[in-house]
Every structure is written in structure tokens, then in C-alpha cells.
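Since the structure comes first, as C-alpha cells, the remarks are kept for the end.
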Amino acid sequence: MANYNQQFHATYTPCTPQSNYHDLACNHRVHVDHNFGCGSNCRVAVPEQPYVCPECLVADVRLDMQLDDLSLDASKKDGGEGGDRLRGIVDVNLQRLLERGYRVCRGVPKLDPALQFFNQFLEEEGLGGVGERSVTPRIAAPRQRVYKRPGRGARAGLERRAEAAAATAARTQRAGLERDDAATEAVREALQALALASNTA
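See the structure below:
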């Protein structure tokens, strides 16, 4: 039993030889898909390739957006020119890091080893993570009877349908520990595309 506990803690404690988690010098935690050793930007620096910190990359992208007079809200709404400019900013910043030898990873919350295990399990099952709000709508008390008005057809009583409540809840709630904006979403998409490309190669 003691050996299992030691192995469990070694697997989910960052910056250990058996762990896929690394605490970076910028005070963020990242997760890599394969068991790579620490990098030069880990808390305990070793002379290896550093990791891309998604949180710091988002901050750099936001700064470049401000310098480029690109509003976070405008780029999210129009999706056209602003969205293209945002993707260009993300690509330039990410390419600059990759050319310098940085390794792709994804950001994770800083948790103790037991919670890190449960967080990873929940994320892999598609249930969000530890501490995230559930996107499953709560069952509401029955409402008053909604009378059908002439001419409403198939939409009559839509307020009472469970599907309508679930669709409304899915649109209004966003799972996550922090508010996602256009810069965060663009960085996440770019890193996921690189991770998929490296896994298939």
C-alpha cells in the first residue's frame, strides 16, 4: 500500500521523473501528453527544451491585441477580419516560441496530487474539472400551465420542454475556472491543433 501511495504521488506531483505535470517558473502548471523531463523554464530548471506556457501566451496575445487596437469583444463578435487578425497574432507568437525550441503542452490548474488525479479523470470523461461549474441544467420546479395561443403551432409550450431548458442553460453557462475571451480561445485552439498534429506524426 505504501508503494502504491508513493507511485501515485510521484505520478501526480509536478516535476518528478514519473509525472506529466510541470510547475513553471512563471508560477503556472502545465500538462504534457508524454512523460518528458523538466524544461529550462520549470521551477527546478534543467538544461532541456522549455515548455510553452498557455497562460503567459494568452497574456502576450492580449498585449499584442491592445497594441494592434484590436478589441477582445470586437474580435469575438465579428469573427471576420478581427478574428483573422487575432489568429494571425496567435500564430506569430506561437511560431516564435516553437522556433526557439519550446515544447507544446496545455495549462492545468494547480492542485494537490489527489485532486490533480480527479481533475484529469473528470476532464478525460468530458465532465469539466474539479471546481468547475456543471453545465448540466438543474431540474426546475414545474411552472404554471402555459396555454396555447392560436398560430403558435409546434412552438407551443416550448417553455415547458426539458430540451428548451437544457439548450438555454448550455448557451448561458460556460464551464471553466475563469472567463474565456477571444484570446484564450484562439490560443487553446492553436495549441490543440499542434498537439493533434504531433500525436498523429
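Per the working numbering, the very first residue in the sequence shown carries number 36; after that it's consecutive. Note that the Cβ used here is the ideal one computed from N, Cα and C, for glycine as well.
The alpha-carbon separation between Val-125 and Asn-62 amounts to approximately 22 Å. Cβ atoms of Asn-128 and Leu-92 come within 8 Å of each other, at about 6 Å.
By the neighbour-count criterion, in which a residue is buried when 16 or more other Cβ atoms sit within 10 angstroms of its Cβ, Asn-70 is exposed. Listed in chain order, the non-local C-beta contacts of Asn-38 below 7 Å within the same chain number zero, local neighbours out to five positions each way being set aside. Annotated as proximal: Tyr-47 and Gln-151, with beta-carbon spacing under 8 Å. Given a length threshold of 4 residues, the region 43–68 has no whole run of the alpha helix (DSSP H) inside it. For Val-143, the beta-bridge partners assigned by DSSP are Arg-64. By the beta-carbon neighbour count (other beta carbons within 10 angstroms, threshold 16), Ala-45 is exposed. As a beta-bridge residue in DSSP terms, Tyr-86 pairs with Arg-138. The beta carbon of Pro-148 sits closer than 6 Å to the beta carbons of His-44, Tyr-47, Thr-48 from its chain, once the five residues preceding and following it are set aside; these are given in chain order.
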